[in-house]
Amino acid sequence: MSVQQDNTKTITMDDWYKCRLDRKVLKEVTRRNDRDALLHLSGFISLVVASGVLAWLSLGTLWCAPAFLLYGTTYAFAEAIEHELRHRTPFRSEWLNESVHWLICFMTWREQVYSRWSHAQHHTYTHLTATVPSDVELAVKRPPNYLKLATDFLRISHGFHHLGSIVLHSFGFVSNKAKAVVPPTEYRAMCRNSRVVFALYVGVIAWAIVAHSWLPVVFLLLPRSYGAWLHELLALTQHTGLRENELDHRFSTRTLRLNRFLQFLYWNMNYHVEHHMFPNVPFHALPQLRKAIEADLPPAYDGLFSAWGEIIHVFRMQRHDSNYMVTPRVPGKAAASGPESVGDQPFMAQTR
Numbered sequence: 001m002s003v004q005q006d007n008t009k010t011i012t013m014d015d016w017y018k019c020r021l022d023r024k025v026l027k028e029v030t031r032r033n034d035r036d037a038l039l040h041l042s043g044f045i046s047l048v049v050a051s052g053v054l055a056w057l058s059l060g061t062l063w064c065a066p067a068f069l070l071y072g073t074t075y076a077f078a079e080a081i082e083h084e085l086r087h088r089t090p091f092r093s094e095w096l097n098e099s100v101h102w103l104i105c106f107m108t109w110r111e112q113v114y115s116r117w118s119h120a121q122h123h124t125y126t127h128l129t130a131t132v133p134s135d136v137e138l139a140v141k142r143p144p145n146y147l148k149l150a151t152d153f154l155r156i157s158h159g160f161h162h163l164g165s166i167v168l169h170s171f172g173f174v175s176n177k178a179k180a181v182v183p184p185t186e187y188r189a190m191c192r193n194s195r196v197v198f199a200l201y202v203g204v205i206a207w208a209i210v211a212h213s214w215l216p217v218v219f220l221l222l223p224r225s226y227g228a229w230l231h232e233l234l235a236l237t238q239h240t241g242l243r244e245n246e247l248d249h250r251f252s253t254r255t256l257r258l259n260r261f262l263q264f265l266y267w268n269m270n271y272h273v274e275h276h277m278f279p280n281v282p283f284h285a286l287p288q289l290r291k292a293i294e295a296d297l298p299p300a301y302d303g304l305f306s307a308w309g310e311i312i313h314v315f316r317m318q319r320h321d322s323n324y325m326v327t328p329r330v331p332g333k334a335a336a337s338g339p340e341s342v343g344d345q346p347f348m349a350q351t352r
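Just so you know, we're using the numbering used here here: the sequence shown kicks off at 1 and counts up by one.
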C-alpha cells in the first residue's frame with residue numbers, strides 16, 4: 001500500500017496496514033497501569049542520580065571525563081521516556097503522565113504541547129515524503145547530510161529547533177513549524193508551558209552565575225548534548241534507510257533485539273514496528289505485542305551492529321543513487337516499487 005504525491009489525499013491512521021490481533025489480546029496489551037511505569041521511572045532516575053554522584057566525586061581527578069560521559073549517556077535516555085509521555089501511555093493516572101512529563105521535558109529541551117502535536121503528525125505520516133503534509137520528524141533525508149548527521153550526536157539541530165521554539169513561544173510568537181502542526185486552540189497552553197520551561201533554564205544559568213560555577217549547567221542542561229550518542233545511535237535505526245511513502249510500517253520501521261539493560265534504558269522502543277502499528281500500547285506490553293503478531297512482521301534486527309551495517313550500506317549506495325532504499329522482508333508481501341530497493345527511477349509508487 002503506497003502513496004504518490006497527491007495534495008488532495010488526507011492520510012489518517014485508518015489508512016495504515018495493521019496486523020490482525022485478537023480483541024482480547026488487544027485489550028490486554030493496551031491496558032495501562034501506574035505500577036510498571038513507576039518502577040521503570042524509579043529505576044531510571046536512580047541510575048541518573050547514581051551516575052551523577054560518581055561524576056561529582058570524580059571532579060578534579062582523571063576519572064572526570066568518563067564519569068561525566070556515563071552520567072550524560074544515562075541522563076540523555078530521558079528522551080525515550082519523553083517519547084512515551086507524548087503518547088500518554090506510561091501511566092494509567094493522567095496526572096502522573098502530566099506531572100512526569102514536566103520533569104522529563106526539562107531534561108530533554110522540550111515543551112509538551114508542541115512535542116505531542118509534532119509527534120502525532122509523525123505517526124500519521126511516518127516516513128511519507130510525497131504527501132502534504134509529510135513526516136516532520138524525518139531524521140535523515142535522502143541523500144544524507146553528513147554534517148547534520150554528525151552534529152545530531154550532540155543534539156545541535158535539535159537544540160536550535162526546540163530551545164529556539166521555547167524562547168520564541170515564551171514571548172508569545174508562534175514559530176512556523178509549530179503553526180504547521182499545532183492547532184490555534186493550543187497556542188496559549190504551548191506559550192504558557194514554554195515560559196515555565198524557559199524560566200527554569202534561566203534559573204539554572206542564574207544559579208551558575210551566582211555560584212561562579214558552570215556545574216549547574218553541566219549537570220542539568222548540557223547532559224542532553226554531551227551524552228546523546230548512545231540514544232541517538234538507537235533512535236536513528238528506527239526508520240533510516242528504509243522505504244518511504246509506504247502505508248505499511250513493516251516497510252519503513254525497524255525492530256531491534258537488544259540486551260535487557262539497553263532495552264530498559266530505551267523503554268522498549270526497540271520494538272518500533274509494533275509501536276507504530278499500535279501506538280496506544282504502553283511500553284511494558286510491547287514485547288507481548290511482538291509475540292502476538294510476530295508471524296506477520298519482518299525479522300527483528302540483531303542489535304545495533306546489524307541495523308547500522310545496513311544503514312551504512314544505504315548511505316554508500318545513496319552516494320550514486322539518492323533514491324536507494326532497503327525493503328524489509330515482509331511475510332507474503334512486496335513493496336510496490338520493487339523487492340529490494342528503489343533503482344534508477346525516482347520513487348513514485350502506485351496509488352492505492
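Here a beta-carbon is modelled for each residue, glycine too, at the ideal position from N, C-alpha and C.
Burial state of residue i (16 or more Cβ within 10 Å)
i    : result
P183 : exposed
S51  : buried
D248 : buried
D344 : Low local confidence applies: a pLDDT of 30 at D344 is under 50, so the model's placement there is unreliable, with the coordinate-based value given in what follows. The residue in question, D344, is exposed, as its Cβ has fewer than 16 Cβ neighbours within 10 Å.
M13  : exposed
F278 : buried
Y301 : buried
W214 : exposed
D354 : The question about residue 354 has no answer here: the residues shown for the chain are numbered 1 through 352.
F283 : buried
L265 : buried
V273 : buried
R319 : exposed
I81  : buried
G241 : buried
F171 : exposed
N145 : exposed
N270 : buried
A37  : buried
R23  : exposed
R329 : exposed
N245 : buried
T237 : buried
A150 : exposed
H169 : buried
DSSP-derived helix/strand/coil call for residue i
i    : result
L256 : strand
L242 : strand
V326 : strand
K18  : coil
Y271 : strand
F347 : Residue confidence is low: F347 scores 29 on pLDDT, short of 50, so the model does not pin down where it sits. No coordinate-derived value is stated.
Y301 : strand
K333 : coil
S46  : helix
G159 : helix
T74  : helix
H87  : coil
F153 : coil
T185 : helix
V100 : helix
P66  : helix
N145 : coil
R319 : coil
L54  : helix
I11  : coil
N33  : coil
R92  : coil
S341 : Below a pLDDT of 50, predicted positions are generally treated as unreliable, and S341, at 37, falls in that range; the measurement from the model is reported next regardless. If DSSP states are grouped into helix, strand and coil, S341 belongs with coil.
S175 : coil
G309 : helix
L38  : helix
R352 : Reliability fails at R352, whose pLDDT of 24 lies under 50, so the model's placement of it is uncertain and the value that follows must be treated cautiously. Reduced to three states, the DSSP call for R352 is coil.
L247 : coil
L26  : helix
L265 : helix
G164 : helix
C191 : helix
L59  : coil
Sheet register partners of residue i (DSSP bridge)
i    : result
V281 : According to DSSP, which records beta bridges pairwise, V281 is partnered with nothing at all.
Checklist entry - Between the region 171-178 and the region 89-96, are three or more C-beta pairs nearer than 8 Å? => result The region 171-178 is not in contact with the region 89-96.
Checklist entry - Do three or more CB pairs link the region 183-200 to the region 126-133 at distances below 8 Å? => result The region 183-200 makes no contact with the region 126-133, as fewer than three CB pairs between them are under 8 Å.
Next on the checklist: Going residue by residue through the region 109-142, where are the continuous alpha helix (DSSP H) segments of at least 4 residues, counting only ones entirely within it?
Outcome noted: You should have 112-124.
Checklist entry - Is the region 135-145 in contact with the region 204-213, if contact means three or more CB pairs nearer than 8 Å? => result With a cut-off of 8 Å, the region 204-213 and the region 135-145 do not count as touching, because too few Cβ pairs lie within range.
Next on the checklist: For a minimum of 4 consecutive residues, which ranges assigned as the alpha helix (DSSP H) are wholly contained in the region 193-244?
Outcome noted: Listed in chain order, the complete alpha helix (DSSP H) runs (minimum 4 residues) inside the region 193-244 are 215-220, 223-226, 229-235.
Next on the checklist: Can you confirm whether the region 242-259 touches the region 61-69 when touching is taken to mean that 3 or more C-beta pairs between the two stretches lie within less than 8 Å?
Outcome noted: No: the two stretches stay apart, fewer than three of their Cβ pairs being nearer than 8 Å.
Next on the checklist: Does the structure place the region 104-117 close enough to the region 81-89 that three or more beta carbon pairs sit under 8 Å?
Outcome noted: The region 81-89 is in contact with the region 104-117.
Checklist entry - How do the region 232-250 and the region 41-58 stand: do at least 3 beta-carbon pairs fall below 8 Å, yes or no? => result Not touching, per the Cβ criterion.
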